[in-house]
Structures are given as C-alpha cells and as structure tokens.
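Peer 1: The structure that follows is given in the form of structure tokens.
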C-alpha cells in the first residue's frame, strides 16, 4: 500500500542513514579536478638584488645590495586543494558548498556570509647596507688584462663625488635643523610679544632649513641615478613556497655579463670569475618566526596534508608574526644582517582542520571565513537540529500520513484498515525510540521539543483509532 511503502522508506532512512563528509583532496596529477580550488596562501616578497661596480683600479669591487620592493600573497604550491561541493550530498540529503574569493584569488569564505574586501598588497622597502666582494686582478678571480673603460672611471668618480655631497648636505640639514629648533624655542618663549627682528630671523632660518632639505633630496636622487647606471639588477619572487625559510642567492656569470659588457674593456669575455668570487657576492634571505616554540607556529613550514587529515575536514591556518631578514657578506666573507623587518606570515601559522561531517538525521553548516590579511575571522560547525529532534519530526510526519484514516480509508476493506492501524502503531513505537539516535546530550529545549513530538505522535495514533472505529461496518466473510 502507498502509505505503508512511504512509512517503510522513512523508517529505513532513520535506521540506516549515512554519514557524508566535505571532500578535500590535494591538487595533484593530470586528472581533471572536480570541485572548487582551495589553496592555502603564503607570503612572498618581490626582491631586487643589485650588483654595483664600485671600484676599478688594481681591484675590481662589486657592491651587493638588496631591495625588497613589496610583499605579495600567492597560492602555496605545497597546500593546493580541491573541495567537491557535492560530497556532502547523498540520495537523502541536499547540500550547498560555496567558496568565495578575494580579488587576488585567496579564499575569502566557505559557506559563510562574509563581505569580500580587496586583498591586502603591502608595499614595503628594505634597503640593505652594501656587501662588498673584491675580484682581484690576476688572482684567479678574473684575467689580468681586465680594465674599465674611461666612461666607467668617470662614472665611478662622479658616484664618489655625489656620495660625498650627500654626506655634506646631510650635515648641513642637521645644522640647519638645530638652528631652527633653537629659534623656534625663542619664539615660543616670547609668547604674543615676538620682536620683529626675531620673527624675521625665524623666517630666514626656516627658509635655510627648507633649502638644505631640498638640496639633500636632489643630491640623493642624483646619487641613486648614478648607482643605477653602474649596476645590474636581478629580480625574483621569494620564497617559492610556504616551506622555504632560508636561501642563499648567488649570482651567475650570465647575470653579471651586462654590467661587464657596459663598463669593461673587452666586455664580459675579458672576465673569468671563479665560483668562490660569485659566492662572495651572495645574499641570504631568511624568514624567522617570533616565539618559535608557540603551539600556533608551524616549525619549518608544512607540506600537503595526508589523506587521513584531509578526511577530517577543511584545512586552514592563521598568520603568525615573524622577521624578514636580509644578510650580506662583509669584506672578510662573514655574514652580517643588512636589514630586517617584522611581518605577519601566513606560512608560519600552524595548519588546522575544521571538521565538516554530516551525520544521519542532522542539519549541519560549516563556516570558515578570512579577512583581507588571511586571518580567520569566522570558523565553526553548526548543527541546526539534534538527531532526536529530526527523528521526532520525521516519524511524526509518517504518522500524520498514515493517520488520515477518516478520508483515506473510505471504501476500503476493514482488513486494509486494520493493516494501516498496525502500521500506525509501529510508527508510533519508532517515534518513541527516537532518543536512541541522539549522539550528544540534548539541551533542555531539545528535551521539551522531543516530548512535544512524542505527544503529537501519540495524539495522532489515538485519532487514527477513532477514525477506524468510525468507519467500521459488517465484515464480509
């Protein structure tokens, strides 16, 4: 019978419901990925390493400096995943999984109502002190015939002159600032009655300070242009992934060739550089966590999570404070800290997993949202209904369908009516057993709702019996 079949299906569902999980798998192999991309992001830096020709006589001196132009956030190749939005669904479930992204591609939210904000692109500037590498003519560093062009000699002399000018004008600014500060103190002490001569002198001191500042700015600009003309730069994004925390960057002969072609007689072909000389021009880039023993720090970075961890839910991480450090070598070949700056690094954060498992007879919502800095702003799993509550509603619905006896049983044999009543009683008993499905201690509110559902099922059973009695008639043999 129709009502019996429907009730049987509902009962079967309740007793053999399935558990589904939001499937998260690594983005690997050549097979077409099924789902939405979900990479964990990490912090990179746009780095420019500058090799400047600084001296050209018996020694050829190359100064190495580093400029970290900006911080960028990129998808970590060690943590690139795919989330299948359909994995929570089943024959008896509907599911929705929505991933939102910031403009730079970094995930903004998963199944969460969160406003998209422009991804942070933090510009920063770290200029290192110069590391010096000497390539001694005739000593194996290069051939003895190497010599700079006349233009190179002129450019180097102009560079030295501008460097001295910057130093002189820096002193002039300092002196002018001291004079201005003293004059201002006199003005402040005079109050409203400032003598005209003092006011005039103050104005002259102000103009002198502004002139000194402008002169210093002009000379620094000229010095930077002169350095650039005598330099070759190598640009790179560092680090390449969220695992790399330290790397030594050594120039190659090919990278230095344009510098030698421009300023040396005979060009790059006249230079033969030993590996040791290239190593002397190396720089070292480092990322180091603050409070490295903190439980929130991922020591040494982290690799793609194993399947056992991914089966538990959605991976995520919070940024952690650390230092971006630049080291160069001094004339003795020892590493020295040229510059360091403090940032929040995504790759320093420990990887967590947010569980997202839909159990039988539950309604679940998994929420994970990030702000523009990559920090988690919302995380949680919500069960909107307890299993017992869902079961009570489910069986109450089944009883309701079967208990429409007064209309549904008209014109049918008493035997069928009695069968329906028996089925009605079975469903009522199943409703009474719904509490066994509860996997967690119910709240007081849930207990009340369960009791209401139980009483409702019993009420409908009584109504079904009354309806059966009302339509009883002679039973045909």
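Residue numbers (my numbering): 9 to 485. C-beta: ideal position from N, C-alpha, C; glycine also. These numbers were taken from a predicted model, which means no experiment stands behind them.
Taking buried to mean at least 16 other C-beta atoms within 10 Å of its own C-beta, is residue 470 buried or exposed?
Peer 2: Walking along the chain shown from the start, residue 470 turns up at place 462. Exposed is the call here.
Peer 1: Taking the straight line between their C-alpha atoms, what separation do you get for residue 186 and residue 233?
Peer 2: Reading the chain shown from its first residue, position 178 is the one you call residue 186. Reading the chain shown from its first residue, position 225 is the one you call residue 233. The alpha-carbon atoms of residue 186 and residue 233 are separated by roughly 30 angstroms.
Peer 1: To the nearest angstrom, report how far apart residue 270 and residue 172 are at their CA atoms.
Peer 2: Residue 270 sits at position 262 when you count from the first residue of the chain shown. Residue 172 sits at position 164 when you count from the first residue of the chain shown. Cα to Cα, the separation comes out at about 25 angstroms.
Peer 1: Does residue 348 come out as helix, strand or coil in the three-state DSSP assignment?
Peer 2: As a working note, residue 348 is residue 340 in the chain shown. DSSP places residue 348 in strand when its eight states are reduced to three.
Peer 1: Work out the CA separation of residue 48 and residue 266 for me, nearest whole Å.
Peer 2: Taking the chain shown and counting its residues from 1, one reaches residue 266 at position 258. Taking the chain shown and counting its residues from 1, one reaches residue 48 at position 40. The straight-line gap from Cα to Cα measures roughly 39 angstroms.
Peer 1: Extract the residue ranges of the beta strand (DSSP E) inside the segment 30 to 93, only unbroken runs of 3 or more that lie entirely within it.
Peer 2: 31 to 34, 44 to 64, 67 to 92
Peer 1: Going by the beta-carbon positions, is the gap between residue 314 and residue 59 smaller than 8 angstroms?
Peer 2: The residue given as residue 314 occupies position 306 in the chain shown. The residue given as residue 59 occupies position 51 in the chain shown. Going by C-beta atoms, residue 314 is not nearer than 8 angstroms to residue 59.
Peer 1: Reducing DSSP to helix, strand and coil, say where residue 110 ends up.
Peer 2: Mapped onto the chain shown, residue 110 falls at position 102. If DSSP states are grouped into helix, strand and coil, residue 110 belongs with coil.
Peer 1: What does a CB cutoff of less than 6 angstroms around residue 467 pick up in its chain, not counting 5 residues either side in sequence?
Peer 2: Here residue 467 refers to the residue found at position 459 of the chain shown. Contacts found: none.
Peer 1: Who are the Cβ neighbours of residue 353 in its own chain at under 7 angstroms, not counting the five residues just before and after it?
Peer 2: On the chain shown, residue 353 is found 345 positions in, with the first residue counted as 1. So the qualifying residues of the chain are 51, 295, 327, 328, 330.
Peer 1: The ligand COA and residue 265: does the residue's C-beta get closer than 7 angstroms to at least one heavy atom of that ligand?
Peer 2: The model depicted lacks the ligand COA and carries no ligand whatsoever.
Peer 1: Where does residue 325 fall in DSSP's three states?
Peer 2: Mapped onto the chain shown, residue 325 falls at position 317. Strand.
Peer 1: Within the continuous alpha helix (DSSP H) that includes residue 293, where are the two ends?
Peer 2: Taking the first residue of the chain shown as 1, we reach residue 293 at position 285. From DSSP, residue 293 is part of no alpha helix (DSSP H) but of the beta strand (DSSP E) over 291 to 297.
Peer 1: Which term fits residue 460, buried or exposed, when burial requires 16 or more other beta carbons within 10 angstroms of its beta carbon?
Peer 2: Within the chain shown, residue 460 is the residue found at index 452, counting from 1. Flag for residue 460 reads exposed.
Peer 1: The alpha helix (DSSP H) with residue 186 in it runs from where to where?
Peer 2: Working through the chain shown from its first residue, we reach residue 186 at position 178. Taken as a continuous stretch (DSSP letters only), the alpha helix (DSSP H) holding residue 186 covers 158 to 198.
Peer 1: Going by CA-CA distance only, name the one from 213, 163, 226 that's closest to residue 177.
Peer 2: For the purposes of this step, residue 177 is identified with residue 169 of the chain shown, where counting begins at 1. Closest by alpha carbon: 226.
Peer 1: Note down the Cα distance separating residue 342 from residue 70, rounded to an integer number of angstroms.
Peer 2: The count along the chain shown starts at 1 and reaches residue 342 at position 334. The count along the chain shown starts at 1 and reaches residue 70 at position 62. Each residue's alpha carbon lies about 16 angstroms from the other.
Peer 1: Which of the three DSSP states is assigned to residue 215 in this structure?
Peer 2: As a working note, residue 215 is residue 207 in the chain shown. When DSSP states are grouped into helix, strand and coil, residue 215 belongs to the helix group.
Peer 1: What residue range is occupied by the uninterrupted alpha helix (DSSP H) comprising residue 239?
Peer 2: Taking the first residue of the chain shown as 1, we reach residue 239 at position 231. Where residue 239 is concerned, there is no enclosing alpha helix (DSSP H), although the beta strand (DSSP E) it sits in stretches over 239 to 246.
Peer 1: Would you call the segment 373 to 385 and the segment 344 to 363 touching, i.e. three or more CB-CB distances under 8 angstroms?
Peer 2: yes
Peer 1: Within the same chain, show all residues whose beta-carbon is closer than 6 angstroms to that of residue 273, passing over the 5 residues directly before and after it, in chain order.
Peer 2: Along the chain shown, read from residue 1 onward, the residue named residue 273 stands at position 265. Once the five neighbours on either side are set aside, the close Cβ partners of residue 273 are 155, 157.
Peer 1: Which residue's Cα is closest to the Cα of residue 165: 201, 34, 238, 204?
Peer 2: The residue given as residue 165 occupies position 157 in the chain shown. If we check each option's Cα against that of residue 165, 238 comes out closest.
Peer 1: So what's residue 385 in DSSP terms, helix, strand or just coil?
Peer 2: Stepping through the chain shown from its first residue, residue 385 is reached at position 377. Of the three classes helix, strand and coil, the one that applies to residue 385 here is strand, per DSSP.
Peer 1: My guess is that residue 224 and residue 181 are in contact by the Cβ rule of under 8 angstroms, so how many angstroms apart are they, rounded?
Peer 2: The residue labelled residue 224 in the question sits at position 216 within the chain shown. The residue labelled residue 181 in the question sits at position 173 within the chain shown. Going by Cβ atoms, the distance from residue 224 to residue 181 rounds to 5 angstroms, so yes, they are a contact pair.
Peer 1: Run the CB neighbour count on residue 124, radius 10 Å, all protein chains shown included, and call it buried at 16 or more, exposed below.
Peer 2: Looking up residue 124 in the chain shown gives position 116. Residue placement at residue 124 is poorly supported in this model, since its pLDDT is 25, which falls under 50; the coordinates are not used for a value here.
Peer 1: Buried or exposed: which applies to residue 43, given that a residue is buried once 16 or more other Cβ atoms fall within 10 Å of its Cβ?
Peer 2: The residue you call residue 43 lines up with position 35 of the chain shown. With 16 or more Cβ atoms within 10 Å of its Cβ, residue 43 is classed as buried.
Peer 1: Under 8 angstroms, do residue 112 and residue 79 count as touching if we go by C-beta distance?
Peer 2: As a first step, residue 112 is located in the chain shown; it is residue number 104 there, counting from the start. As a first step, residue 79 is located in the chain shown; it is residue number 71 there, counting from the start. Cβ distance not < 8 angstroms, so residue 112 and residue 79 don't count as in contact.
Peer 1: My output table needs one value for residue 337: the three-state DSSP class, helix, strand or coil.
Peer 2: Here residue 337 corresponds to residue number 329 of the chain shown, with the count starting at 1. If DSSP states are grouped into helix, strand and coil, residue 337 belongs with the strands.
Peer 1: To which residues does DSSP link residue 375 through a beta bridge?
Peer 2: Reading the chain shown from its first residue, position 367 is the one you call residue 375. According to DSSP, which records beta bridges pairwise, residue 375 is partnered with 388.
Peer 1: For residue 285, count neighbouring Cβ atoms within 10 angstroms of its own Cβ and tell me buried if that reaches 16, exposed if not.
Peer 2: Position 277 of the chain shown, counted from the first residue, corresponds to residue 285. The residue in question, residue 285, is buried, as its Cβ has 16 or more Cβ neighbours within 10 Å.
Peer 1: Among 340, 361, 334, which residue has its Cα nearest to the Cα of residue 77?
Peer 2: For the purposes of this step, residue 77 is identified with residue 69 of the chain shown, where counting begins at 1. If we check each option's Cα against that of residue 77, 334 comes out closest.
Peer 1: If you run the structure through DSSP and keep just helix, strand and coil, what is residue 380?
Peer 2: Locating residue 380 in the chain shown gives position 372, where the first residue counts as 1. If DSSP states are grouped into helix, strand and coil, residue 380 belongs with coil.
Peer 1: Could you pull the DSSP bridge partners for residue 254 from this structure?
Peer 2: Position 246 of the chain shown holds residue 254. The partner list for residue 254 (beta bridge, DSSP) reads 294.
Peer 1: Measure the C-alpha to C-alpha separation of residue 339 and residue 68 and round it to an integer number of angstroms.
Peer 2: In the chain shown, counting from the first residue as 1, residue 339 sits at position 331. In the chain shown, counting from the first residue as 1, residue 68 sits at position 60. Between residue 339 and residue 68, the C-alpha separation is close to 13 angstroms.
Peer 1: In the DSSP assignment, what residue or residues form a beta bridge with residue 353?
Peer 2: Working through the chain shown from its first residue, we reach residue 353 at position 345. 328.
Peer 1: Return the CA-CA distance between residue 74 and residue 53, expressed in angstroms with no decimal places.
Peer 2: For this step, residue 74 is matched to residue 66 along the chain shown. For this step, residue 53 is matched to residue 45 along the chain shown. So the alpha carbons of these two residues sit roughly 12 angstroms apart.
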